[in-house]
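Just below is one structure, and these are the notes that go with it.
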Amino acid sequence: MKKIKNVGLLVILIAQYSNTNAQTLNWKALDNTKHILNVNLGLDYSLSYGLGYGYKLNTKLPIVLNAIFSMPSGKTMFDDFKTKIGGQVRLFNKSNFVGSVSIFGVYRKHQTDLVTLQNFGSDMKGIIGFYKPKWFVAAEVGFDKAIVTNFKHSQKYKDEIYVNVVDGWYEPATGGNFYYGLQTGKSFKRADITLNLGRVISQDFKTPLLLPYYINLGYNIRF
Amino acid sequence: MSYKNQILKWGSISCLALCLLSACQKGKYINETGNLVPKTVMEDLALPSINVNGAKLHAQAFGPEDSTLIICLHGGPGANFRYLLNCKSLADKGYRVVFYDQRGSGLSQRFPKEWYLNYGADAIDKTFDDDLNGIINHYKTKSNQKVILLGHSWGAMLATRYAGKYPNKINGLILGEPGGLKWDDVFKYVRNSRSFKLWSEALNDATYLDQFITGNENDHNILDYKMGQLSSSNTIIGDIKSNLGVNGNYYKSGRDGAVISAAMFEIGKKYKPDFSEGISQFQPKVIFFYSGNNKAYPDSWAEKISSTYLNKKLIKVNAVGHSGMFDQIDTWTSFTEPKVIEYLKSL
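So the protein sequences, as listed, match chains A and B. When we follow the working numbering, the leftmost residue of the first sequence carries the number 18, and every step to the right adds one. When we follow the working numbering, the leftmost residue of the second sequence carries the number -14, and every step to the right adds one.
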């Protein structure tokens, strides 16, 4: 129990002070691995970059706990960011075919000169693919849901657009996007280079997003 | 307790906490009108409105009813007339000045996207052209009353289109930076005016929002709110905060129309309308303003777009952006308005 608490604390600390977009794993290259550090760069609703941490639990069913923090580029630091805390579970492993799911709680912030948004959401993803110790390729399908969002508008918004805007927490869900694509990677003795790419569509499958694609290049160090 | 059970336990607690957090809040609904965007004329009956061509439009008119009619057409598609309100001063000079939010825009009535798309290639005729017909008929009090169209950006494209289609109904055109008149030029202008750098704050501010708020195809309140967030800042076109002086009091809260905007771009892409069609039939002189600070509208572009008009006067307005010739009261008062009045007197 104490160990869990320590791991949880580490996860929260890393989520607060580092940044990462996603942590893509080669499930066949995780033997003798306890810790996974990740750096990545890509398009994820913006040009964004980050760092992350994964902790592999010593369980019969392979589980990796993750803390992820990403930030978009731009001249103003920390006005926008996203943190994810959760984990990935390998569900089956049969003849090099591996299926896994990941479930994350998401906290994200977005600030412009008109509004500051804070959101709690979830990100769930299913992955199935062909895994070898040196490489892997898999398909991924996920849903990123903005569950509850706080709106705080600036005086500029009130002056220039809508004086009677109502600030506060908005629910039920304010948004949600499906995404689907491929992930692949090349694994080395203590490292992986990974690539995720695919398409993002809004939950009504009709309304286009401004950046309807995602691509992410990652580098994992395992130890 | 095994790790698996621990994870299940803490996962359940987290989910429960999130549910409780949601349950404890008094629900505010993002798609409820009046929360994030102002109410339209359909919900706020105190707003000035007229019924035209089967739509309830937010509209205001100033000045003597029988004098020369100046009808102001705002940009977009999907913006509102608030930023044009400095033109109200023409009413003090004896003109009848009419402002209206186009269908699906500003505080006017909303329609579903399919409603526009179902008209196919006739969508602009059946909506914007016929609405403008209705506006003219509504405000015109006598048959020999002169009608002048004052259009900015998308409004200048519509004004050109209408004058080309009904050259005998219009006595003059006052235009400000129509992006283009042939669809390929419109597309090129839109692309150039939004060509943000991939790593820029402006682009990320626009795209990052999509993970917080998504609306269904006809969720007007949500989509209009998002459009308002996006259209508020664009350094390429050089616009700054509108300075309307006391004129802003006539339109306190504005709103964009995202569905009409999306529908018109879809129709434009599919049918490639030519807004300059028939304009060669239009004999009166045209006055054409363009700005010095809009990087997507250099001298060469202004000359290219204005070359369509037979009889025109091209005027560059320095030190302002795309809307500055109208929405900056100092520029309007000291530069644009005198040119407009000189033009009106010449007709």
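Ideal Cβ positions, reconstructed from N, Cα and C, are used throughout, including at glycine.
Any beta carbon of chain B sitting closer than 7 Å to that of residue i?
i: I178 (chain A); result: yes
i: T166 (chain A); result: yes
i: D97 (chain A); result: yes
i: P89 (chain A); result: yes
i: A46 (chain A); result: no
i: Y72 (chain A); result: no
i: L134 (chain A); result: yes
i: H127 (chain A); result: yes
i: A84 (chain A); result: no
i: Y62 (chain A); result: yes
i: Y66 (chain A); result: no
i: G185 (chain A); result: yes
i: A163 (chain A); result: yes
i: V182 (chain A); result: yes
i: G192 (chain A); result: yes
i: K111 (chain A); result: no
i: T50 (chain A); result: no
i: T93 (chain A); result: yes
Kindly indicate which three-state DSSP category residue i falls into: helix, strand or coil?
i: M310 (chain B); result: helix
i: S139 (chain A); result: strand
i: E157 (chain A); result: strand
i: N201 (chain B); result: coil
i: H127 (chain A); result: strand
i: V132 (chain A); result: strand
i: Q172 (chain A); result: helix
i: F250 (chain B); result: helix
i: P89 (chain A); result: strand
i: F320 (chain B); result: helix
i: G223 (chain B); result: coil
i: F114 (chain A); result: strand
i: L246 (chain A); result: Lying outside 18 to 240, the shown extent of chain A, residue 246 (chain A) is not represented and no answer is given.
i: D29 (chain B); result: coil
i: L21 (chain B); result: coil
i: D259 (chain B); result: strand
i: L199 (chain A); result: strand
i: S291 (chain B); result: helix
i: D61 (chain A); result: coil
For residue i and residue j, which I take to be in contact (beta-carbon distance under 8 Å), what is that distance rounded to the nearest angstrom?
i: T50 (chain A); j: T199 (chain B); result: Not confirmed; about 37 Å, so no contact.
i: L32 (chain B); j: Y124 (chain B); result: That belief does not hold up - the Cβ atoms of L32 (chain B) and Y124 (chain B) are roughly 18 Å apart, past 8 Å.
i: N237 (chain A); j: D209 (chain A); result: 4 Å
i: F153 (chain A); j: N43 (chain A); result: 5 Å
i: D51 (chain B); j: F66 (chain B); result: The Cβ separation is near 23 Å, so there is no contact.
i: K131 (chain B); j: L332 (chain B); result: 7 Å
i: L333 (chain B); j: L102 (chain B); result: An answer regarding residue 333 (chain B) cannot be provided, because it is not within the stretch -14 to 332 covered by chain B.
Considering only residues of the same chain and omitting the five flanking positions on each side of residue i, which have a CB-CB separation below 6 Å?
i: M249 (chain B); result: P62
i: F240 (chain A); result: H52
i: V22 (chain B); result: N206, D209, Y210 and R240
i: L58 (chain B); result: G136, G140, L143 and A144
i: D224 (chain B); result: G306, H307 and S308
i: D97 (chain A); result: P89 and H127
i: C9 (chain B); result: With a pLDDT of only 48 at C9 (chain B), under the threshold of 50, the placement of this residue in the model should not be trusted; the figure read from the coordinates follows. Closer than 6 Å at Cβ, skipping near neighbours: no residue.
i: D115 (chain B); result: N38
i: K257 (chain B); result: W168
i: I144 (chain A); result: S117, A155 and E157
i: L160 (chain B); result: G136, A141 and F273
i: I120 (chain A); result: G103 and M141
Comparing the C-beta of residue i with each C-beta of chain A, is any distance below 7 Å?
i: G229 (chain B); result: Reading off the sequence, residue 229 (chain B) comes out as Leu, not Gly. No, L229 (chain B) does not count as interfacial toward chain A.
i: I222 (chain B); result: no
i: L70 (chain B); result: no
i: A191 (chain B); result: yes
i: N16 (chain B); result: no
i: S7 (chain B); result: Reliability of the predicted coordinates at S7 (chain B) is poor, the pLDDT of 49 falling under 50, and no value is obtained from them.
i: N103 (chain B); result: no
i: G157 (chain B); result: no
Quick one: what's got a C-beta closer than 8 Å to residue i's C-beta in the same chain, skipping five residues either side?
i: E262 (chain B); result: R146, G149 and K150
i: N352 (chain B); result: Outside the shown range of chain B, which is -14 to 332, sits residue 352 (chain B), and nothing can be said about it.
i: A304 (chain B); result: G277, N278 and T316
Can you list, in chain order, the residues of its chain with a C-beta nearer than 7 Å to that of residue i? Leave out the 5 residues immediately preceding and following it.
i: K173 (chain B); result: G165
i: P49 (chain B); result: G79 and R81
i: I120 (chain B); result: V37, I56, V83 and Y85
i: T41 (chain A); result: Q200, G202, T211, N213 and G235
Specify whether the stretch 136 to 148 of chain A and the stretch 178 to 185 of chain A touch according to this definition: at least 3 beta carbon pairs, one from each stretch, less than 8 Å apart. Short answer: they don't touch.
For the stretch 58 to 65 of chain A against the stretch 75 to 86 of chain A, do three or more pairs of beta-carbon atoms, one drawn from each stretch, fall closer than 8 Å, so that the two count as touching? Judged by Cβ distances under 8 Å, the stretch 58 to 65 of chain A makes no contact with the stretch 75 to 86 of chain A, as fewer than three pairs qualify.
Would you say the stretch 309 to 328 of chain B touches the stretch 268 to 280 of chain B, given that touching needs at least three Cβ pairs under 8 Å? They touch, by the three-pair rule.
Report yes or no: do three or more beta-carbon pairs, one from the stretch 161 to 168 of chain B and one from the stretch 88 to 95 of chain B, lie closer than 8 Å? No: fewer than three Cβ pairs fall under 8 Å.
Quick test of the definition: if touching needs 3 or more C-beta pairs under 8 Å, does the stretch 68 to 80 of chain B touch the stretch 102 to 111 of chain B? Below 8 Å, too few C-beta pairs join the stretch 68 to 80 of chain B and the stretch 102 to 111 of chain B to call them touching: fewer than three.
Determine contact between the stretch 312 to 323 of chain B and the stretch 225 to 233 of chain B, defined as no fewer than three beta-carbon pairs at a distance below 8 Å. Yes: the two stretches touch, three or more of their Cβ pairs being nearer than 8 Å.
Just by C-beta distance, which residues in the stretch 205 to 236 of chain A are closer than 7 Å to chain E? This model lacks chain E altogether, as its protein chains are A and B.
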